[in-house]
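Undergrad:
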Amino acid sequence: TGKFTYDPGFMSTAACNSAITYIDGEKGELLHRGYPIEQLAVHGDFLDVCHLLLKGDLPNLEQKREFSELVTKHTMVHEQMQFFFRGFRRDSHPMAVLTGCVGALSAFYHDSLNINDARHREVSAIRLIAKLPTLVAMAYKYNTGMPFVYPLNELSYSANFMRMMFANPCEEYKINDVLVRALDRILILHADHEQNASTSTVRLAGSSGANPFACVAAGIACLWGPAHGGANEAALNMLEEIGSPERIPEFIRQVKDKQSSVKLMGFGHRVYKNYDPRAKLMRETCHDVLEELGLHDEPLFKLAMELEKIALEDEYFVSRKLYPNVDFYSGIVQRALGIPTSMFTCIFAMARTIGWIAQWNEMISEPDQKIGRPRQLFVGQTPREAKPIEQR
Ligand code: CMC
Numbered sequence: 042t043g044k045f046t047y048d049p050g051f052m053s054t055a056a057c058n059s060a061i062t063y064i065d066g067e068k069g070e071l072l073h074r075g076y077p078i079e080q081l082a083v084h085g086d087f088l089d090v091c092h093l094l095l096k097g098d099l100p101n102l103e104q105k106r107e108f109s110e111l112v113t114k115h116t117m118v119h120e121q122m123q124f125f126f127r128g129f130r131r132d133s134h135p136m137a138v139l140t141g142c143v144g145a146l147s148a149f150y151h152d153s154l155n156i157n158d159a160r161h162r163e164v165s166a167i168r169l170i171a172k173l174p175t176l177v178a179m180a181y182k183y184n185t186g187m188p189f190v191y192p193l194n195e196l197s198y199s200a201n202f203m204r205m206m207f208a209n210p211c212e213e214y215k216i217n218d219v220l221v222r223a224l225d226r227i228l229i230l231h232a233d234h235e236q237n238a239s240t241s242t243v244r245l246a247g248s249s250g251a252n253p254f255a256c257v258a259a260g261i262a263c264l265w266g267p268a269h270g271g272a273n274e275a276a277l278n279m280l281e282e283i284g285s286p287e288r289i290p291e292f293i294r295q296v297k298d299k300q301s302s303v304k305l306m307g308f309g310h311r312v313y314k315n316y317d318p319r320a321k322l323m324r325e326t327c328h329d330v331l332e333e334l335g336l337h338d339e340p341l342f343k344l345a346m347e348l349e350k351i352a353l354e355d356e357y358f359v360s361r362k363l364y365p366n367v368d369f370y371s372g373i374v375q376r377a378l379g380i381p382t383s384m385f386t387c388i389f390a391m392a393r394t395i396g397w398i399a400q401w402n403e404m405i406s407e408p409d410q411k412i413g414r415p416r417q418l419f420v421g422q423t424p425r426e427a428k429p430i431e432q433r
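Per full-length UniProt numbering, the sequence shown runs over residues 42 to 433.
(1) In whole angstroms, give me the CA-to-CA distance for valine 90 and valine 177.
(2) Can you tell which of Ala208, Asp132, Cys263 and Glu213 has its C-alpha closest to the C-alpha of tyrosine 183?
(3) Measure the Cβ-Cβ separation of leucine 193 and arginine 204 and say whether it is below 7 Å.
(4) Helix, strand or coil: which one does DSSP assign to threonine 423?
(5) Quick one: give me the first and last residue of the beta strand (DSSP E) that glutamate 70 is part of.
(6) Does the distance from the C-beta atom of glycine 270 to that of phenylalanine 369 stay below 7 Å?
(7) When you compare only the Cα positions, how much space is there between serine 301 and glutamate 281?
(8) Please determine, among Glu212, Cys211, Ile227 and Gly186, the residue with the shortest C-alpha to C-alpha distance to phenylalanine 202.
(9) Say yes only if the C-beta of valine 296 is nearer than 6 Å to one or more non-hydrogen atoms of the ligand CMC, and no if none qualify.
(10) Give a single yes or no on whether phenylalanine 308 has its beta carbon closer than 6 Å to a heavy atom of the ligand CMC.
(11) Find the nearest neighbour of glycine 75 within the set Glu67, Lys68 and Leu93, judged by alpha-carbon distance.
(12) Can you tell me where the beta strand (DSSP E) with isoleucine 289 in it begins and where it stops?
(13) Could you check which residue in Thr116, Met384 and Arg160 has the C-alpha nearest to that of alanine 275?
(14) Going by C-alpha distance, which of Arg319, Lys350, Arg393 and Glu70 is nearest valine 367?
(15) For leucine 230, which option in Pro135, Leu72, Gly66 and Pro100 has the closest C-alpha, if you only look at C-alpha atoms?
(16) Quick check on DSSP: helix, strand or coil for isoleucine 64?
(17) By the three-class DSSP mapping on this structure, what secondary structure does residue 434 have?
(18) Mind reading off the beta-carbon distance from valine 312 to glycine 66? Whole number of angstroms is fine, and I expect it under 8 Å.
(19) DSSP three-state label for proline 77, please.
(20) Figure out for me which residue from Val296, Asp329 and Asp338 has the closest Cα to the Cα of phenylalanine 358.
(21) What is the residue span of the alpha helix (DSSP H) that isoleucine 395 lies within?
(22) Please look up how many angstroms separate the CB atoms of glutamine 236 and cysteine 57, rounded, as I've assumed it's under 8 Å.
(23) Is DSSP giving asparagine 209 helix, strand or coil here?
Quick look at the structure:
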């Protein structure tokens with residue numbers, strides 16, 4: 042019609058102003074509120090990054106203490122939530138369970154649903170950051186038939202999560218600092234990534250005034266897709282399917298075949314066309330974890346390195362500027378931590394919750410916030426007559 046700009050996939054549409062995350066895809070740069078991801082990954086922990094994204098700056102010691110206390114105060118979920126879990130088939134995909142349970146939080150926390158009140162928004166944000174690890178661990182325990190483990194607030198955010206995942210009542214659980222640090226890095230690297238599909242989903246859902254728990258549930262649903270958060274699970278499945286380095290050339294041939302829909306999972310990014318800075322940090326962590334666990338000969342890691350090397354030299358990938366993304370290595374790290382493949386996207390959701398809620402809060406705080414309502418180019422029937430059924 043000429044009235045609207047047609048931009049499938051939003052390749053050239055900026056849907057909002059945001060001061061949270063900056064990405065320069067050509068340079069491979071990722072900054073949160075001005076701080077390079079490489080520095081945050083080394084000098085901060087996940088709660089520092091949560092504070093940064095939500096409140097605008099890194100906390101000092103006092104602010105950090107207050108923020109951690111606030112988060113730990115909310116780590117428990119309502120005891121009735123367990124009945125919600127028990128309504129799912131035991132073999133349900135944990136992402137299905139998580140989508141439902143996070144959506145259900147809106148039924149439990151009516152006291153923080155006034156989105157026009159900044160204090161309510163903050164309480165909801167804290168509740169979400171605090172409860173996601175508890176819910177993710179419960180989804181895992183339910184799936185494996187193990188008893189739920191309550192949060193232990195004296196532990197750090199990531200150590201508490203590891204304990205809720207892996208402790209059981211029969212033996213003492215020992216915290217391994219290298220593994221906790223690795224999980225924390227996964228969380229930091231996935232915390233926010235400006236207007237990706239799930240964040241845009243959260244913003245669009247929130248633009249109608251929907252409550253934050255419902256909006257985050259919408260984000261989780263979007264994240265599940267294999268082109269987005271499901272990529273880490275798909276990348277690991279792919280490595281297992283390839284199986285051994287000799288089979289890489291045949292696999293690459295299939296990827297290059299235009300008739301096939303096979304993709305090299307964990308490769309390519311809409312914005313990064315040089316390299317993904319998160320992938321470099323994740324690869325480092327992958328190395329540390331395998332070293333710590335004495336798994337440096339782990340065949341999957343070797344296969345991933347070999348596949349990366351071959352792809353990076355191949356004309357097909359070079360000409361399309363396809364590089365490993367964060368999910369290429371995060372699956373191997375999670376596998377080494379003992380996290381099953383079906384839980385990978387839940388871990389991503391747990392990390393991204395802060396990004397979603399910080400972006401949602403930023404949007405709701407805008408004075409002239411409008412409902413998101415894209416238009417279309419209509420390509421269907423011109424007007425015609427609807428006849429009674431016997432005349433059709
Ligand atoms: N393997 C093989 N070919 C690829 C791949 C890949 N992983 N990614 C893109 N291409 C090809 C694509 O077929 C197209 O080729 P041609 O020009 O001949 O038609 C060209 O590269 C451009 O790709 P595109 O599909 O236009 O790129 P996009 O920006 O729309 O897609 C992407 C980005 C991430 C969805 C895509 O690269 C992909 O599906 N990658 C695999 C899944 C994945 O790893 N996703 C995780 C992204 S990072 C974490 C997150 O944000 O969730």
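By construction, the Cβ of each residue, glycine as well, lies at the ideal position given by its N, Cα and C atoms.
Small disclaimer: the values here were computed from a predicted structure and weren't measured.
TA: This is what the structure gives:
(1) For the purposes of this step, residue 90 is identified with residue 49 of the sequence shown, where counting begins at 1. For the purposes of this step, residue 177 is identified with residue 136 of the sequence shown, where counting begins at 1. Roughly 20 Å between the two C-alpha positions.
(2) Your numbering for residue 183 matches position 142 in the sequence shown. Checked all of Ala208, Asp132, Cys263 and Glu213; the closest Cα to tyrosine 183 is Asp132.
(3) Locating residue 193 in the sequence shown gives position 152, counting from the first residue. Locating residue 204 in the sequence shown gives position 163, counting from the first residue. For leucine 193 and arginine 204, yes; Cβs fall inside 7 Å.
(4) In the sequence shown, the residue the question calls residue 423 occupies position 382. The answer is coil: DSSP assigns threonine 423 none of H, G, I, E or B.
(5) As a working mapping, residue 70 is identified with position 29 in the sequence shown. It spans 70 to 73 - the beta strand (DSSP E) in which glutamate 70 sits, taken as one unbroken run.
(6) In the sequence shown, the residue the question calls residue 270 occupies position 229. In the sequence shown, the residue the question calls residue 369 occupies position 328. No, these two residues do not count as a Cβ contact at 7 Å.
(7) Start at 1 with the first residue of the sequence shown, and residue 301 comes out as number 260. Start at 1 with the first residue of the sequence shown, and residue 281 comes out as number 240. Cα to Cα, serine 301 sits roughly 19 Å from glutamate 281.
(8) If you number the sequence shown from 1, residue 202 lands on position 161. It is Ile227.
(9) One-based indexing of the sequence shown puts residue 296 at position 255. The answer is yes for valine 296.
(10) Residue numbering aside, residue 308 sits at position 267 when the sequence shown is read from its first letter. Flag set: Cβ of phenylalanine 308 near the ligand CMC.
(11) Here residue 75 refers to the residue found at position 34 of the sequence shown. Minimum Cα distance to glycine 75 is reached at Leu93.
(12) Residue 289 sits at position 248 when you count from the first residue of the sequence shown. Unbroken run through isoleucine 289 is the alpha helix (DSSP H), 289 to 297; no beta strand (DSSP E).
(13) Locating residue 275 in the sequence shown gives position 234, counting from the first residue. Selected option, being the one with the closest Cα: Met384.
(14) Here residue 367 is taken as the residue at index 326 of the sequence shown, counted from 1. Of the listed residues, the one whose Cα sits closest to valine 367 is Arg319.
(15) Counting from one through the sequence shown, the residue named residue 230 turns up at place 189. Answer by Cα proximity: Leu72.
(16) Translated into the one-based positions of the sequence shown, residue 64 becomes position 23. Reduced to three states, the DSSP call for isoleucine 64 is strand.
(17) The structure shown does not extend to residue 434, since the chain spans only 42 to 433, so no value can be given for it.
(18) Along the sequence shown, one-based indexing puts residue 312 at 271. Along the sequence shown, one-based indexing puts residue 66 at 25. Right, the Cβ-Cβ distance comes to about 4 Å (below 8 Å), so this counts as a contact.
(19) Along the sequence shown, one-based indexing puts residue 77 at 36. Proline 77: strand per DSSP, three-state reduction.
(20) The residue you call residue 358 lines up with position 317 of the sequence shown. It is Val296.
(21) The residue labelled residue 395 in the question sits at position 354 within the sequence shown. From DSSP, the alpha helix (DSSP H) with isoleucine 395 extends over 385 to 406.
(22) Translated into the one-based positions of the sequence shown, residue 236 becomes position 195. Translated into the one-based positions of the sequence shown, residue 57 becomes position 16. Indeed they touch by this definition, with Cβ atoms about 7 Å apart.
(23) Indexing the sequence shown from 1 puts residue 209 at position 168. Three-state DSSP puts asparagine 209 in a strand.
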